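J.: Each residue of the sequence shown is one higher than the last, beginning at 1 in the UniProt record's numbering.
Built from N, CA and C at the ideal position, the CB exists for glycine as well.
Since the structure is predicted, the reported quantities are computational estimates derived from the model, not experimental observations.
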Amino acid sequence: MMKPCYARVVMKCSGARSILERNIPCRIMGRHKCSCLTLENTFKCYDLENGPTMDVELSKDDALSMYTQMLECRRFETVAGNYYKERKIRGFCHLYNGQEAVAVGMKQRLRSCDSVITAYRCHAWTYLMGVSLHEIMAELFGVKTGCSRGKGGSMHMYGDRFYGGNGIVGAQVPLGAGIALAHSYRKDNGVAVVLYGDGAANQGQVFESYNMAKLWCLPCIFVCENNHYGMGTHVRRASAMSEFYMRGQYIPGLWVDGNQVLAVRSATQFAVEHALNHGPIVLEMSTYRYVGHSMSDPGTSYRSREEVQKAREKRDPITSFRSQIIALCLADEEELKALEDKTKKQVDSICKKASTDKEVELHELHTDIYAKNVDGKIRGVSGFHLEHIKLAEVCFGKPKKTPACEINDVPVGAAIDVAKAKERKAKQDAKKAKDAKGDKKGANSKPPKGEDGDKEAKPPVEPKPAAKTPPTKAPPAPKK
Numbered sequence: 001m002m003k004p005c006y007a008r009v010v011m012k013c014s015g016a017r018s019i020l021e022r023n024i025p026c027r028i029m030g031r032h033k034c035s036c037l038t039l040e041n042t043f044k045c046y047d048l049e050n051g052p053t054m055d056v057e058l059s060k061d062d063a064l065s066m067y068t069q070m071l072e073c074r075r076f077e078t079v080a081g082n083y084y085k086e087r088k089i090r091g092f093c094h095l096y097n098g099q100e101a102v103a104v105g106m107k108q109r110l111r112s113c114d115s116v117i118t119a120y121r122c123h124a125w126t127y128l129m130g131v132s133l134h135e136i137m138a139e140l141f142g143v144k145t146g147c148s149r150g151k152g153g154s155m156h157m158y159g160d161r162f163y164g165g166n167g168i169v170g171a172q173v174p175l176g177a178g179i180a181l182a183h184s185y186r187k188d189n190g191v192a193v194v195l196y197g198d199g200a201a202n203q204g205q206v207f208e209s210y211n212m213a214k215l216w217c218l219p220c221i222f223v224c225e226n227n228h229y230g231m232g233t234h235v236r237r238a239s240a241m242s243e244f245y246m247r248g249q250y251i252p253g254l255w256v257d258g259n260q261v262l263a264v265r266s267a268t269q270f271a272v273e274h275a276l277n278h279g280p281i282v283l284e285m286s287t288y289r290y291v292g293h294s295m296s297d298p299g300t301s302y303r304s305r306e307e308v309q310k311a312r313e314k315r316d317p318i319t320s321f322r323s324q325i326i327a328l329c330l331a332d333e334e335e336l337k338a339l340e341d342k343t344k345k346q347v348d349s350i351c352k353k354a355s356t357d358k359e360v361e362l363h364e365l366h367t368d369i370y371a372k373n374v375d376g377k378i379r380g381v382s383g384f385h386l387e388h389i390k391l392a393e394v395c396f397g398k399p400k401k402t403p404a405c406e407i408n409d410v411p412v413g414a415a416i417d418v419a420k421a422k423e424r425k426a427k428q429d430a431k432k433a434k435d436a437k438g439d440k441k442g443a444n445s446k447p448p449k450g451e452d453g454d455k456e457a458k459p460p461v462e463p464k465p466a467a468k469t470p471p472t473k474a475p476p477a478p479k480k
């Protein structure tokens, strides 16, 4: 018989109205049953009478599922970064290394009717919302099997009830409030999770969204993923008040240790219930990113390597959860090591396969830009002399057969030189204009018939004018 394990930890929930402290010993009931435990220093409440539950349950299946998801997200980002350094991935690329517990923990308590919208650091969220790793990596490569058909890239990925991936800092927040309004209007019992970073938290549109969400009591969860750096600027250098969970003023808030996946899970369950019953709430997920702001940022000019290393050693969400799983007797070292090796091989294989997929062909570059296009062109102009065509029947369904497209009567294909096609078309237009001008001149008078009455008479030959001889100069007068 397996010897029972014991855990004794503390969770504190402090805020404007109350400070709660607990010190509860918890007993692990068995290897395959749920483990009851509490967590330490994971919540701070603002304008809330009660915070999330501090007694949580964890089964082996849930533990291994969350651990696997965090491993997949971490490995995927590592592989993507390596491909970017090899110049196989181009353009913008923002990695999520170090913040995995936020996405994984929240998704554990979101329901199928809930919606999510986030910023440009969106790979992990895209995967957790149902898009496959193959489709995400293909999108980074810009190939046609990508989740946005290779035309969205790192910042613009979408899925069922997942609205991106948005490239403009903070612009997703009012959109998220609109999604919450849609849930309220439809009465579908769903909530909108709106994620943004500490860099976007100072923008006016965020506060405008707070106001409308509170005014209309929308089922909206505002989530500030505070990784403590807006690009290369620390929060204390950019924010007069860095307690982002208190920024809503008239909206209750909750600070969460975003590197503890179980704390994030518990806070999300509380936030969903609050949003459905009482309206909007602001969550601040305190986390840390190990990499730079983007692949163009080494991340070492505004912070020391020692700071990053310290965060890895003491606050890494994966290693800390791994230690919890072992301490709670839910899995042993060998089992977790086998799971880690398996996950690494699977992710590497998926990413390698995506790199060999077919690139987007020229005739598909203009397709699926609008859901419903009314004027036939893209923003009034057409750089490729192409009209917009809807390739997909629905946003995320299987595409119909590609219709035949032409560039001004020139078949489109991967080998077509667009510049030559334009030049050829310009010459054709010039010739047509010249012919039309000549036809217009001769349209007013009919040519006379010849002696046989059928053939047109030849125009009389005009005599050539005599060549003009240059005037001769008079000889100079003799000198006297």
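Near Ala213, what residues of its chain come up, given a Cβ to Cβ distance below 6 Å and the 5 sequence neighbours on each side ignored?
T.: Your numbering for residue 213 matches position 213 in the sequence shown. Excluding sequence neighbours, Ala213 sits near Ala177, Cys220 and Pro280.
J.: Helix, strand or coil for residue 520, going by three-state DSSP, please let me know.
T.: One cannot answer for residue 520 here, as it falls past the ends of the chain, which runs 1 to 480.
J.: Glu135 and Gly146 look like a contact to me (Cβ under 8 Å); what is the Cβ gap, rounded to whole Å?
T.: Counting from 1 along the sequence shown, the entry for residue 135 is found at position 135. Counting from 1 along the sequence shown, the entry for residue 146 is found at position 146. About 6 Å separates the two Cβ atoms, so the contact holds.
J.: Run through the DSSP bridge pairs and tell me what His234 is partnered with.
T.: For the purposes of this step, residue 234 is identified with residue 234 of the sequence shown, where counting begins at 1. For His234, which the question treats as bridged, DSSP gives the partners Tyr229.
J.: Say whether the region 193-204 touches the region 116-130, bearing in mind that this needs 3 or more beta-carbon pairs closer than 8 Å, one atom from each stretch.
T.: In short, these stretches touch, since the Cβ pair count reaches three.
J.: Tell me the rounded alpha-carbon separation between Leu330 and Leu362.
T.: Taking the sequence shown and counting its residues from 1, one reaches residue 330 at position 330. Taking the sequence shown and counting its residues from 1, one reaches residue 362 at position 362. Approximately 53 Å, taken between the alpha carbons.
J.: Give, in chain order, every unbroken run of the alpha helix (DSSP H) that is at least 4 residues long and sits entirely within the region 129-163.
T.: As far as the region 129-163 is concerned, its whole alpha helix (DSSP H) runs of at least 4 residues are 133-141.
J.: Taking the Cβ atom as the reference point for each residue, do Leu140 and Leu181 lie within a distance shorter than 9 Å?
T.: Your numbering for residue 140 matches position 140 in the sequence shown. Your numbering for residue 181 matches position 181 in the sequence shown. Cβ distance not < 9 Å, so Leu140 and Leu181 don't count as in contact.
J.: So is Gly438 buried or exposed if we call it buried at 16+ other beta carbons inside 10 Å?
T.: If you number the sequence shown from 1, residue 438 lands on position 438. Looking at its Cβ environment, which holds fewer than 16 other Cβ atoms inside 10 Å, Gly438 is exposed.
J.: Which same chain residues, not among the five before or five after Ala138, have their C-beta less than 6 Å away from its C-beta?
T.: Here the question's residue 138 lines up with position 138 in the sequence shown. So the qualifying residues of the chain are Thr145, Gly146, Ala354 and Asp357.
J.: At which residues does the beta strand (DSSP E) containing Gly204 begin and terminate?
T.: Residue mapping note: residue 204 aligns to position 204 of the sequence shown, counting from 1. Per DSSP, Gly204 belongs to no beta strand (DSSP E); it is in the alpha helix (DSSP H), Gly204 to Leu215.
J.: For Ser112, count neighbouring Cβ atoms within 10 angstroms of its own Cβ and tell me buried if that reaches 16, exposed if not.
T.: In the sequence shown, the residue the question calls residue 112 occupies position 112. That one is exposed.
J.: Does the region 91-103 come into contact with the region 154-174, if we say contact requires no fewer than three beta-carbon pairs (one atom in each stretch) closer than 8 Å?
T.: Short answer: they touch.
J.: Mark Ile168 as exposed unless 16 or more other C-beta atoms lie within 10 angstroms of its C-beta, in which case mark it buried.
T.: The residue labelled residue 168 in the question sits at position 168 within the sequence shown. Result: exposed.
J.: I believe Lys44 touches Trp216 by the beta-carbon criterion, under 8 Å. Please report the beta-carbon distance rounded to the nearest angstrom.
T.: Stepping through the sequence shown from its first residue, residue 44 is reached at position 44. Stepping through the sequence shown from its first residue, residue 216 is reached at position 216. About 27 Å; that fails the 8 Å criterion.
J.: Mind listing, in chain order, the continuous beta strand (DSSP E) runs of no fewer than 3 residues lying wholly within the region 305-352?
T.: With a minimum length of 3 residues, no continuous beta strand (DSSP E) run stays inside the region 305-352.
J.: What number of angstroms, rounded off, separates the C-alpha of Val175 from the C-alpha of Val223?
T.: Counting from 1 along the sequence shown, the entry for residue 175 is found at position 175. Counting from 1 along the sequence shown, the entry for residue 223 is found at position 223. At residue 175 the sequence reads Leu, which differs from the Val that was named. Each residue's alpha carbon lies about 14 Å from the other.
J.: May I have the straight-line CA-CA distance separating Leu64 from Gln324, to the nearest angstrom?
T.: Residue numbering aside, residue 64 sits at position 64 when the sequence shown is read from its first letter. Residue numbering aside, residue 324 sits at position 324 when the sequence shown is read from its first letter. So the alpha carbons of these two residues sit roughly 11 Å apart.
J.: Taking only the alpha-carbon atoms, compute the straight-line gap between Phe321 and Thr343 and give it to the nearest angstrom.
T.: Walking along the sequence shown from the start, residue 321 turns up at place 321. Walking along the sequence shown from the start, residue 343 turns up at place 343. Approximately 16 Å, taken between the alpha carbons.
J.: When DSSP builds the beta bridges, which residues end up paired with Gly253?
T.: For the purposes of this step, residue 253 is taken as residue 253 along the sequence shown, with counting starting at 1. Bridge partners of Gly253: Tyr46 and Val282.
J.: At the level of alpha carbons, what is the spacing between His234 and Ala240?
T.: Reading the sequence shown from its first residue, position 234 is the one you call residue 234. Reading the sequence shown from its first residue, position 240 is the one you call residue 240. So the two alpha carbons sit approximately 12 Å from each other.
J.: Does Leu195 come out as helix, strand or coil in the three-state DSSP assignment?
T.: Sequence index remark: in the sequence shown, residue 195 carries index 195 (1-based). Here Leu195 sits in strand by DSSP.
J.: How about Ile318 and Leu71: are their beta carbons less than 9 Å apart?
T.: Here residue 318 is taken as the residue at index 318 of the sequence shown, counted from 1. Here residue 71 is taken as the residue at index 71 of the sequence shown, counted from 1. Yes, Cβ-Cβ distance for Ile318 and Leu71 is below 9 Å.
J.: Using alpha carbons as the reference points, say which of Gly105, Thr68 and Gly197 lies closest to Lys337.
T.: Here residue 337 refers to the residue found at position 337 of the sequence shown. Nearest option by C-alpha distance: Thr68.
J.: Tell me, please, whether the region 283-302 touches the region 92-108 by the rule of three or more beta-carbon pairs shorter than 8 Å.
T.: The region 283-302 is in contact with the region 92-108.
J.: Check Glu100 in the structure and name its three-state DSSP category.
T.: Your numbering for residue 100 matches position 100 in the sequence shown. Helix, per DSSP.
J.: Please name the residue in Val131, His183 and Tyr210 whose C-alpha comes closest to that of Asp160.
T.: Along the sequence shown, one-based indexing puts residue 160 at 160. Considering only alpha carbons, the answer is Val131.
J.: Quick check on Leu276: buried or exposed, where buried means 16 or more other Cβ atoms within 10 Å of its Cβ?
T.: Sequence index remark: in the sequence shown, residue 276 carries index 276 (1-based). Flag for Leu276 reads exposed.
J.: Report the CB separation of Glu273 from Tyr245 in whole angstroms; it is logged as a contact under 8 Å.
T.: Counting from one through the sequence shown, the residue named residue 273 turns up at place 273. Counting from one through the sequence shown, the residue named residue 245 turns up at place 245. With 8 Å as the limit, Glu273 and Tyr245 do not qualify as a contact, their Cβ atoms being about 17 Å apart.
J.: CA-CA distance, Asn227 and Glu335?
T.: In the sequence shown, counting from the first residue as 1, residue 227 sits at position 227. In the sequence shown, counting from the first residue as 1, residue 335 sits at position 335. About 31 Å.
J.: Distance check for Asp332 and Gln108, CA to CA, integer angstroms please.
T.: Here residue 108 is taken as the residue at index 108 of the sequence shown, counted from 1. Here residue 332 is taken as the residue at index 332 of the sequence shown, counted from 1. Approximately 23 Å between the Cα atoms of the pair.
J.: Take the Cβ of Met231 as the centre, count every other Cβ of all protein chains shown within 10 Å, and call the residue buried at 16 or more, exposed below.
T.: Taking the first residue of the sequence shown as 1, we reach residue 231 at position 231. Classification of Met231: exposed, given that the 10 Å Cβ count is below 16.
J.: Could you please give the first and the last residue of the uninterrupted alpha helix (DSSP H) stretch that includes Ile117?
T.: Taking the first residue of the sequence shown as 1, we reach residue 117 at position 117. No alpha helix (DSSP H) holds Ile117; the beta strand (DSSP E) holding it covers Ser115 to Ile117.
J.: Please classify Ile179: is it buried, with 16 or more other beta-carbons within 10 angstroms of its beta-carbon, or exposed?
T.: Locating residue 179 in the sequence shown gives position 179, counting from the first residue. That one is buried.
J.: Could you check how far apart the C-beta atoms of Asp55 and Cys34 are, in whole angstroms? I think they sit under 8 Å.
T.: Along the sequence shown, one-based indexing puts residue 55 at 55. Along the sequence shown, one-based indexing puts residue 34 at 34. That pair is no contact at about 11 Å.
J.: What first and last residue would you give for the beta strand (DSSP E) that runs through Ser35?
T.: Here residue 35 corresponds to residue number 35 of the sequence shown, with the count starting at 1. Residues Ser35 to Thr38.
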